[in-house]
Amino acid sequence: MKPNPNLDELLCSFMDGELSVRQRTEVQRMAAHDPAVARRLKQLEKSRAMISSLPMAEAPVDMLERIKESLERRTLLQDQPLPARRSAGAWHLAFRQLVSAAAVIALLGVLGVVVYQIVRPVPHGALLPLPDIGKRVSMSEAPRLVPSPVVVADAGFTGRLELRTHSLVHAGASVERAIEDSGLSGRVQPDIVNSRRVYQVVGTRESVNRFVASLSGAWSNFGAATLQMEGPDSAQPVVVESLTPEQAASIVAQNSTEASFEAAKGYAITNYMARNMPGGEIRPLIQDDSGTMTAMIVIPRPKETGPNDSVPASPVPHGKAQVSLTIVLLDAR
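Dropping the structure here:
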């Protein structure tokens, strides 16, 4: 029987008692049914007995080093068998990497073509197609029809000016003198009662403006001045408190009813802010016109960028607009 390393190892483990109960039972069954296994087991037992009977001998000092060198030499000189084939997972991973690389290369190629179409130089001698000048006319060369200005009638305005004073007599004299100086004496209808005096003034913007200018000299005698102005097209009336003579003159001097109404609204806002601002810091910002503060309040609107085809409005001269102003003197005592 040829030596079988696996069988010898199993039999040696059987003799050393290193097998489990089941494995020992299988070895005993093999020895009972196979004469070759039984004969080999007896040979190993005899070899073990003979080796055990030998006297103890010391191993050479360099024996351990020689065993290590032998094992290292065998490991280095032993051929490492390469796998005959790669696993299915490795092939699948390699295929996915190949497909990804091909997709990236194709995308780069398409982008390169697009970029080249954009930046490629124009061939020498090639001419770009020019627009048909004979069939197209630019906006700058086309004749434009300028519409005639639309005349907007100035309807004037109706207002009520309340002036509080501690002396009705002196204040009434100042108002009557201003009315006479402005040439409106023929249109004055005073309404005199115990605690107030009412004057009705009707005239052109120029004459009423002269009246306000004449009255400005005595404006310091009035404790408070309030102007209530009727709005155009049934709009809500606007009330301007703490009115100054400059503001009153600016409202009257406007060229249309809408402009006077907007100026009055602007002054109403600025005067309200001035009264509620602590310390009166806003007073230096208020000028004779209403654009100083209202420009900060009005929301800007987008402007058209095309040609301005709007029809300009031309107001009627000031001399034809009638302003109706009611002056009420109130006793402040």
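When you read off a place in the sequence shown, starting at 1, and then add 72, the result is the number in my numbering.
Glycine is no exception: its CB is placed at the ideal position from the N, C-alpha and C atoms.
In this text the structure is predicted, and so the values were computed from the model without any measurement.
{"Check": "Identity of the residues DSSP links to Met135 by a beta bridge", "Outcome": "In DSSP, Met135 forms no bridge with anything."}
{"Check": "Close Cβ partners of Asp360 (< 7 Å) along its chain, the five nearest in sequence each way excluded", "Outcome": "Residue placement at Asp360 cannot be trusted, given a pLDDT of 48 that sits under 50; the coordinates are not used to answer."}
{"Check": "Close beta carbons around Ala250, own chain, < 7 Å, minus the five adjacent residues each side", "Outcome": "Phe283, Ser286, Leu287"}
{"Check": "Exposure of Ser332, with buried meaning 16 or more beta-carbon neighbours within 10 Å", "Outcome": "buried"}
{"Check": "Nearest candidate by alpha-carbon position, reference Ser279, set Gly228, Val241, Glu334, Val133", "Outcome": "Gly228"}
{"Check": "Coil, strand or helix - Ser288 by DSSP", "Outcome": "helix"}
{"Check": "Straight-line gap, Met87 to Leu79 (C-alpha atoms, nearest Å)", "Outcome": "12 Å"}
{"Check": "Identified DSSP bridge partners for Leu402", "Outcome": "Arg236, Arg268"}
{"Check": "CB contact flag (Pro395, Val324, <8 Å)", "Outcome": "In the sequence as presented, Pro is not what sits at residue 395; that position holds Val. Cβ atoms of Val395 and Val324: closer than 8 Å."}
{"Check": "C-beta atoms of Leu82 and Val99 nearer than 8 Å", "Outcome": "yes"}
{"Check": "Contact set for Ser314: own chain, Cβ-Cβ below 6 Å, skip 5 residues either direction", "Outcome": "Asn343"}
{"Check": "Span separating the alpha-carbon of Val383 from that of Val182", "Outcome": "Because Val383 carries a pLDDT of 47, less than 50, the predicted location of this residue cannot be relied on, and the following value inherits that uncertainty. Looking at the two C-alpha atoms, the distance is approximately 56 Å."}
{"Check": "Rounded C-alpha distance that separates Leu170 from Leu180", "Outcome": "16 Å"}
{"Check": "Cβ-Cβ distance between Thr230 and Glu334 below 8 Å", "Outcome": "no"}
{"Check": "Residue of Asp134, Leu397, Ala178 minimising C-alpha distance to Pro299", "Outcome": "The residue you asked about is not Pro; residue 299 is Leu in the sequence shown. Checking every option, the nearest Cα to that of Leu299 belongs to Leu397."}
{"Check": "Reduced DSSP secondary structure (H/G/I, E/B, other) of Glu313", "Outcome": "strand"}
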